[in-house]
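To start, the structure under review is shown below, and the notes come after it.
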Amino acid sequence: MHREYIRSCPSWRNGYAWLDCAFVTTNPELEGMLGLDIVRILAFFFFMQHGKYYPCVVVHWFVRLEEPDPDTGMWIIHPGLNADNQPDMSIIHLNTIYHVAHLIPVYGTQPIPPEIQPHHSYDIFQAFYINKFADHHAFEIIS
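If you read the sequence shown in our numbering, its first letter stands for residue 5, the second for the next number, and so on.
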């Protein structure tokens, strides 16, 4: 059995936030990335209604391009926006999270300023590769 920790911490060890990304099952009928989307985990919570427990996750959706990048073979995504040009956020059931996702920024051609730190990545960069080489689980999921 495989276990992963997916984190959503507003302040990690008195520092900056640690908000992981994950694969979410959106269409179980399709294989690989065609049935999955990527989200950034913003918060976990649960509520009880009529004695039933509902574990939930607040997420920011990413939008996937139609095909993997021809040079790297990796899918490219960008943060999703709604009709008001605001981050596309929603609440999903915890059971739809499939696996943690590792993203690599698409850096472009300009030098990265030295004051940019790793915790700035999701806020600064506008496109990301989904790293299928992060581990063998990710490779099997995406390939």
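Backbone N, C-alpha and C define an ideal beta-carbon position, used for all residues, glycine too.
For clarity, every value in this text was computed on a predicted model and none was experimentally measured.
Exercise. How would you write the range of the beta strand (DSSP E) that I45 sits in, first residue to last?
Worked result: By 1-based counting over the sequence shown, the position of residue 45 is 41. Membership of I45 in the beta strand (DSSP E) is indicated by the continuous run 40–53.
Exercise. Helix, strand or coil for H64 per DSSP?
Worked result: Taking the first residue of the sequence shown as position 1, residue 64 is located at position 60. H64: strand per DSSP, three-state reduction.
Exercise. To the nearest angstrom, how far is it from the Cα of Y133 to the Cα of L107?
Worked result: Indexing the sequence shown from 1 puts residue 133 at position 129. Indexing the sequence shown from 1 puts residue 107 at position 103. Approximately 6 Å, taken between the alpha carbons.
Problem set entry | Integer-rounded CB distance, given that L23 should sit under 8 Å from R7 | The residue you call residue 7 lines up with position 3 of the sequence shown. The residue you call residue 23 lines up with position 19 of the sequence shown. Contact doesn't hold; Cβ gap of about 20 Å is too wide.
Exercise. Alpha carbon to alpha carbon, what distance is there between L40 and P118?
Worked result: In the sequence shown, residue 118 corresponds to position 114, counting from 1. In the sequence shown, residue 40 corresponds to position 36, counting from 1. Taking the straight line joining both Cα atoms gives about 34 Å.
For this session: Determine the extent of the beta strand (DSSP E) in which H103 is found, giving its start and end residues.
Result: Taking the sequence shown and counting its residues from 1, the one referred to as residue 103 is at position 99. Taken as a continuous stretch (DSSP letters only), the beta strand (DSSP E) holding H103 covers 101–105.
For this session: Starting from the C-beta of A138, find all residues in its chain whose C-beta is less than 7 Å away, skip the five residues before and the five after it, and write them out in chain order.
Result: As a working mapping, residue 138 is identified with position 134 in the sequence shown. The answer, listed in chain order, is H106.
Problem set entry | Cα-Cα separation between H82 and M52, rounded to whole angstroms | What you label residue 82 is simply residue 78 of the sequence shown in a count that begins at 1. What you label residue 52 is simply residue 48 of the sequence shown in a count that begins at 1. Straight-line Cα distance between these residues: approximately 34 Å.
Problem set entry | Cβ separation of P59 and L98, assumed to be a contact under 8 Å, to the nearest whole Å | The residue labelled residue 59 in the question sits at position 55 within the sequence shown. The residue labelled residue 98 in the question sits at position 94 within the sequence shown. Right, their Cβ atoms sit about 4 Å apart.
Exercise. Can you tell me whether DSSP reads S147 as helix, strand or coil?
Worked result: Counting from one through the sequence shown, the residue named residue 147 turns up at place 143. If DSSP states are grouped into helix, strand and coil, S147 belongs with coil.
Exercise. Once you ignore the five residues that flank R11 on each side, which residues in its own chain have a CB closer than 8 Å to its CB?
Worked result: Translated into the one-based positions of the sequence shown, residue 11 becomes position 7. Counting only Cβ-Cβ distances below 8 Å, and skipping sequence neighbours, we find W22, L23, D24, I45.
Exercise. Since Y111 is in the alpha helix (DSSP H), which residue starts that stretch and which ends it?
Worked result: As a position in the sequence shown, residue 111 is number 107, starting the count at 1. That residue, Y111, is in no alpha helix (DSSP H); it is neither H nor E in DSSP.
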